[in-house]
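Quick notes on the structure that follows.
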Amino acid sequence: MVIDWDAKPSNTEATLDENGDVIEWTDENGIRYDAFGNAIPTKILCAIEQEEIKLQSEKRLRPIIEHLFNRKQVGFLYGESNTGKSFAALSLLNRVAQGRPWSGLRVAKECHAFYFDGETGVEVKDRNTAWSKKFNGGIKNERMHILSPQINLFDVGVQNIIISDINSITNNKGGIICFDTLSSFLAYYSEQCIDGKTILDMDNPDENDAIAMRKLVSILKRIAVETNSFVLMVHHGGKDAAKGMKGAITLKNDCDTVIKLAASDRQTGDNNIAFSVSLTVKKNRSAAKLPVMEFNLCLEDNGITQQELHEIDNELCDYPDESETGYEAKNSTKTLVFIDKPNKINNDEKTNKEGAFPGRKQAGDESLEAKPSQINKYAQAHTHHHPPMTQQ
Numbered sequence: 001m002v003i004d005w006d007a008k009p010s011n012t013e014a015t016l017d018e019n020g021d022v023i024e025w026t027d028e029n030g031i032r033y034d035a036f037g038n039a040i041p042t043k044i045l046c047a048i049e050q051e052e053i054k055l056q057s058e059k060r061l062r063p064i065i066e067h068l069f070n071r072k073q074v075g076f077l078y079g080e081s082n083t084g085k086s087f088a089a090l091s092l093l094n095r096v097a098q099g100r101p102w103s104g105l106r107v108a109k110e111c112h113a114f115y116f117d118g119e120t121g122v123e124v125k126d127r128n129t130a131w132s133k134k135f136n137g138g139i140k141n142e143r144m145h146i147l148s149p150q151i152n153l154f155d156v157g158v159q160n161i162i163i164s165d166i167n168s169i170t171n172n173k174g175g176i177i178c179f180d181t182l183s184s185f186l187a188y189y190s191e192q193c194i195d196g197k198t199i200l201d202m203d204n205p206d207e208n209d210a211i212a213m214r215k216l217v218s219i220l221k222r223i224a225v226e227t228n229s230f231v232l233m234v235h236h237g238g239k240d241a242a243k244g245m246k247g248a249i250t251l252k253n254d255c256d257t258v259i260k261l262a263a264s265d266r267q268t269g270d271n272n273i274a275f276s277v278s279l280t281v282k283k284n285r286s287a288a289k290l291p292v293m294e295f296n297l298c299l300e301d302n303g304i305t306q307q308e309l310h311e312i313d314n315e316l317c318d319y320p321d322e323s324e325t326g327y328e329a330k331n332s333t334k335t336l337v338f339i340d341k342p343n344k345i346n347n348d349e350k351t352n353k354e355g356a357f358p359g360r361k362q363a364g365d366e367s368l369e370a371k372p373s374q375i376n377k378y379a380q381a382h383t384h385h386h387p388p389m390t391q392q
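Counting along the sequence shown from 1, when you hit position 169 you're at 169 in the numbering used here, and nothing is skipped either side.
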């Protein structure tokens, strides 16, 4: 056998010296060899190098609601009782599921919304029905999912089910996930996990426990990252309004977005408006801080039928005699709806009624004027009239 020492490897990438001789080459499988045909050991990257490469390959965060919520992030919506927190959350989620702008801010296309209700139970159905009647022609959004499970978020098995099911429903496209409220889901904590074997090694979590709340935010972060979604937790305000949310400061420090709702004492002069609230973006890690705006809540038919009212009436005793004193109350067939058409709150404490999204200042005093798009039907969603309560 004759060896041609001047032959060069074929179908490979070769490195030549100044004389044109092969000093190193790589075969079709990516394996490197020296001039004598000995395989050159591949450098094994250390953990830091691997993480650096991983970070460089990550795409920029994509918005679920532009300038407000990003995928793979966690936020809190908080306020005192009766400030419309749950109604605001339903508004945000429904607009994402609907694929229509929320308060002038565009939403991601073809996203699902998941509302985990821990407080109201069946009442959340009426609230969503009222929103649909007001803004979606009385039709429930197909991509809006409402449930009221009593789940332990600290259970890894529960987390896995949530992540797996959401990815299955969304086909890994993600969306927005809301848990309402923090205190409700803390109450569902159990040391016994759903697998029947694992026992959690922590006491009942308390919202004032910094370690437990840091753990909770990390759990929400995991759900957000692995579902490619934004996770919103509804929470209560603290006793001291100046300190913000109730509980440990780690809730605010470790999350990405914090939104505060507060009751407004201004009179609207509109009989169709139940009350107004101010919405303040207290923290927004990945976007410009939006201006404080005022939102209205109105009353809308909750979908209850005359037949249901008749059934409820039959389950109650007779009315008292006319001579007896007491409360005078009527059956309620309406519930609140959060209207996502805000008014800017000026420095003189007056509201700007002219536009849903006035201009704002950003970094470097760059002024941006948001103008309504001519190609969408945003205004029509707020002027659509719906028929009265269904008769049966």
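Where is the CB? At the ideal position from N, CA and C, for every residue including glycine.
Residue i vs residue j beta-carbon contact at 7 Å
i	j	result
I259	V281	yes
N228	R71	yes
V277	G137	no
I176	I64	yes
S264	E226	no
N167	V158	no
I146	N128	yes
E300	G247	no
I435	T333	The structure shown does not extend to residue 435, since the chain is modelled only from 1 to 392, so the question has no answer here.
F116	F69	no
V124	A113	no
Which of helix, strand or coil DSSP assigns to residue i
i	result
R32	strand
A88	helix
M202	coil
E18	coil
T305	coil
I176	strand
V337	strand
S168	helix
L153	coil
V292	coil
L297	strand
I161	helix
H112	strand
A263	strand
E311	helix
A242	helix
L93	helix
Boundaries (first-last residue) of the alpha helix (DSSP H) holding residue i
i	result
F185	182–187
N128	123–135
L220	210–227
L251	250–254
Enclosing beta strand (DSSP E) for residue i [first to last residue]
i	result
S57	Per DSSP, S57 belongs to no beta strand (DSSP E); it is in the alpha helix (DSSP H), 47–57.
K282	273–284
Distance between beta carbons of residue j and residue i, contact taken as under 8 Å
i	j	result
P292	I219	It should be noted that the sequence gives Val, not Pro, for residue 292. About 31 Å; that fails the 8 Å criterion.
C298	N272	5 Å
N302	I339	The pair is not a contact, with the Cβ atoms about 16 Å apart (cut-off 8 Å).
K239	M245	Incorrect: roughly 11 Å between the Cβ atoms, too far for contact.
Residue i Cβ short of 6 Å to the ligand SAH heavy atom set
i	result
I219	The ligand SAH is absent from the structure shown, which contains no ligands of any kind.
- [ ] Pair every Cβ in the stretch 229–245 with every Cβ in the stretch 79–95, then say whether three or more of these pairs are closer than 8 Å.
- [x] yes
TODO: Pair every Cβ in the stretch 44–60 with every Cβ in the stretch 102–112, then say whether three or more of these pairs are closer than 8 Å.
DONE: no
Task: Stretch-stretch touch, CB-based, cutoff 8 Å, three pairs: the stretch 188–197 with the stretch 26–45 - done: no
TODO: Assess, as a yes-or-no matter, whether the stretch 129–136 is touched by the stretch 66–80 under the definition of 3 or more beta carbon pairs within less than 8 Å.
DONE: no
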